[in-house]
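Read through the structure below, which is laid out as structure tokens, and then see the notes.
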Amino acid sequence: MRQPNFQEREQSEAWRRERSSLREEKKLWRRGYKRVACLDEAGRGCEKPDAEVLTNNGWKFYSNINLKDRVLSYTDAGFIKWQKIEKVIEKDFEGKLLELKNRSINIVVTPNHYFTILRRVFKRDKKDNNRLKLVGYKTRKERKKVTDLLDNDFIPRGGKWKGRNKEFFKLPKVDRNKEKCIDIRLWTAFLGIFLSEGSTHYDKKKGSYRITISQNENAPQNKYKKIYSLLRKLPFRFNKFKEGFTCYNKQLYTYLKQFGNRYNKFISKDIKELPLDLLTTLINWMILGDGACYIGENRKKVCVYYTTSKRLKDDFEEILLKAGWTYHTSAREPRAGLIEGRIIKKENRVPCFEIRLRRNNKAVVKHLHKKEIFYKGKVFCLQLSKYHNFYVRRNGTGYFTGNSLAGPVVAATVIIKDKKLNRAKLLRLNL
């Protein structure tokens, strides 16, 4: 006869315990006892209103969010995806907020705020004397209140993105020029270098439509050659000169002019929805144009991207998140300087945003500095139907925060005598 394995024995024991507890509870029912649920405001915690929420329509403060927006949530399987908002919650608060902060994350929430938490998964390595080896992270089934977080708990800051794949980019037709189909990988690379180094110009006198990619031929890391090699693969004729490349094409100009100048460039929504590999191509070419990569003090590769466009900075942070990166953004305040012999006052210049790319998409609680802050004012949260978290940013960094749940939450149940079920007793039980 086959002996039951460990899992079967555990299930059998659990079933016996459950049957036993049911029998005991039935005896209590016959004697006039009843089970009472104790309700809690679990999941009712909120965020300080200075946090911005990532929506499918860009970054928004809570007060500007509407129910047509969608927010980015972290699923139990570790993916990130858009989901609908059921309700925007706003309420008055007076008391102490809890701040958890380090260089990678900045959380400011009410003490009853809940988070989706990750735990480490270990397996024994037979090749290494059965030593425990970290093999990944798994989402805990239960969310945790911020005051109950343990040192070995992890707060997710990123996840796996699928996106919408496509083979070609279709350049809209202009006049007699038919619609052009361009390989999507080639187009994302070109768009990356254009957003960093490109510009458009229309000459009324000549009636010419010019696209320029600026890059010095003596630039380091063979940038000039890499860009020229890319441009030659496009169905447009680019001419090279010492300071870059030019192309005269009305069809290409008409599409690219929407991206504006260096102060208001952006990434279009259809491009931001591409899958991870194409977003990575876009990021790499943007950094090649207006960024830098070097080996840091810890012998790890460090990449930085610079832009004077706030909108492009916001879009770049979004595609970094979808491509598996995290980031820390800071603003360099403008200073007076000389441009072509002219003095430019600092009030006539704009700040430059510096975005540092980071690979660690989890924040471990033990490395966070905790502090209580007195606050009086509005606090906000969102009510979602699924996953119960969404992505926010504060002070240049982001994370997945918990959302408010709909309706009361059962915190515990007790069995008490039926005659003692009065209103005062129930209120005390639910405090």
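The UniProt record's numbering puts the first residue of the sequence shown at 1, with every later residue one more than the last.
For every residue, glycine included, the Cβ atom is placed at its ideal position computed from N, Cα and C.
Owing to the predicted nature of the structure, the values given are computational and were not obtained by experimental measurement.
List in chain order: all unbroken beta strand (DSSP E) runs of 3+ residues lying wholly within the segment 58-123. 58-61, 70-74, 80-101, 106-109
S208 - containing beta strand (DSSP E), residue span: 208-214
With H, G and I counted as helix, E and B as strand and the rest as coil, what does DSSP make of I155? strand
Taking C-alpha atoms, which residue in I117, A331, Y399, N249 lies nearest to P361? As written in the sequence, residue 361 is Asn, which differs from the Pro given in the question. Here the closest residue by C-alpha is Y399.
Three Cβ pairs or more, each shorter than 8 Å: is that satisfied between the segment 204-219 and the segment 175-184? no
In the structure shown, what three-state DSSP assignment does S196 receive? helix
Residue 475 versus E317, N261, Y202, residue with shortest Cα-Cα distance: A question about residue 475 goes unanswered here, because the residues of the chain that appear run from 1 up to 431.
If you run the structure through DSSP and keep just helix, strand and coil, what is H367? helix
Let me confirm a value: R143 is counted as buried when at least 16 other C-beta atoms fall within 10 Å, else exposed. Which label applies? buried
Assuming E52 contacts K60 (C-beta within less than 8 Å), just tell me the rounded distance between them. 6 Å
Give me, in chain order, the residues of the same chain whose beta-carbon lies closer than 6 Å to that of N239; leave out the 5 immediate sequence neighbours on both sides. T246
When the Cβ atoms of the segment 105-125 are set against those of the segment 144-163, are three or more pairs found closer than 8 Å? yes
Please report the straight-line C-alpha distance between E90 and H367, rounded to a whole angstrom. 31 Å
Over what stretch of residues does the alpha helix (DSSP H) that includes E318 continue unbroken? 310-322
L282 and I295 - do their beta-carbons sit closer together than 8 Å? no
Do you know how far the Cα of N216 is from the Cα of N249? 22 Å
For L357: DSSP bridge partner residues: Y327
Buried or exposed by the 16-neighbour rule on C-beta atoms within 10 Å, applied to F122: exposed
Just verifying my parser: in three-state terms, what is the DSSP assignment at D50? coil
Nonlocal neighbours in the same chain, by C-beta distance under 7 Å from E179, ignoring five residues either side: K170, L171, P172, K173
Considering only their Cβ atoms, is the gap separating G78 from K160 smaller than 8 Å? yes
C-alpha gap between P275 and K166, whole angstroms: 9 Å
Could you give the distance in angstroms between the alpha-carbon of Y375 and the alpha-carbon of E86? 27 Å
Rounded straight-line distance, which links the Cα of L100 to that of T307: 29 Å
Can you tell me where the alpha helix (DSSP H) with I227 in it begins and where it stops? 223-232
Please state if the CB of G163 and the CB of E273 are separated by a distance shorter than 8 Å. yes
Q7 classed as buried or exposed, judged by whether at least 16 other C-beta atoms fall within 10 angstroms: With a pLDDT of only 44 at Q7, under the threshold of 50, the placement of this residue in the model should not be trusted; the figure read from the coordinates follows. It counts as exposed.
Could you spell out where the beta strand (DSSP E) holding Y248 opens and where it closes? 244-248
Contacting residues, own chain, Cβ-Cβ under 6 Å from I267 (five flanking each side not counted): D315
Please report the distance separating the alpha-carbon of F390 from that of F259. 29 Å
Is it right to say Q11 is buried, meaning 16 or more other beta carbons lie within 10 angstroms of its own, or is it exposed? Below a pLDDT of 50, predicted positions are generally treated as unreliable, and Q11, at 46, falls in that range; the measurement from the model is reported next regardless. Exposed.
In the DSSP output, what is A292 paired with across the bridge? V304
Look up D203 in the DSSP assignment and give the residues it is bridged to. S208
Closer than 7 Å to a non-hydrogen atom of the ligand MG - does that hold for the CB of K362? The model on display carries no ligand, and the ligand MG is accordingly not part of it.
If you count every other CB in all the chains shown that lies within 10 Å of the CB of Q221, and 16 or more means buried, which is it? exposed
Whether K265 touches S309 by CB criterion (8 Å): yes
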